[in-house]
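Following the working numbering, the numbering of the sequence shown begins with 7 at its first residue and continues without gaps.
Here a beta-carbon is modelled for each residue, glycine too, at the ideal position from N, C-alpha and C.
Here the structure is a predicted model, which means the values were calculated and not measured.
Report on the structure given below.
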Amino acid sequence: MKCSEFLQELTNYLDGVLDARTKAELEDHLAWCHNCYVVCDTTKKTIEIYRDSQLYELPDDLRTRLRTAIMSKCKQKKAEQSS
7 MKCSEFLQEL TNYLDGVLDA RTKAELEDHL AWCHNCYVVC DTTKKTIEIY RDSQLYELPD
67 DLRTRLRTAI MSKCKQKKAE QSS
């Protein structure tokens, strides 16, 4: 298996939706390919951190400023596309 093939199946592997044969091929590749192992491990840890993280409630003033800035950018993009 090539690294590019591994990377195409990485999300399916991490989601646990691969058939047994494909899963075994990926795990065999991980056993000898350090680069793909690092990518897989880092991605897995990132997902775990995200899932375990607590939601942070934004202060109202910050939420308002962000919303205003985003809406302004959207209007600007729309105006640029119209002209």
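In this structure, DSSP gives Lys8 a state outside helix and strand, which the three-state scheme calls coil. Burial state of Tyr19 is buried, judged by a 10 Å Cβ sphere holding 16 or more other Cβ atoms.
Secondary structure of Leu61 (DSSP, three-state): coil. In this structure Leu61 is exposed. Its beta-carbon is surrounded by fewer than 16 other beta-carbon atoms within 10 angstroms. Close CB contacts of Met7 within its chain, under the 8 angstroms cut and outside five residues either way in sequence, are with Glu31, Leu32, Asp34, His35 (chain order). If you check the CB distance, Cys9 and Asn41 come in under 8 angstroms.
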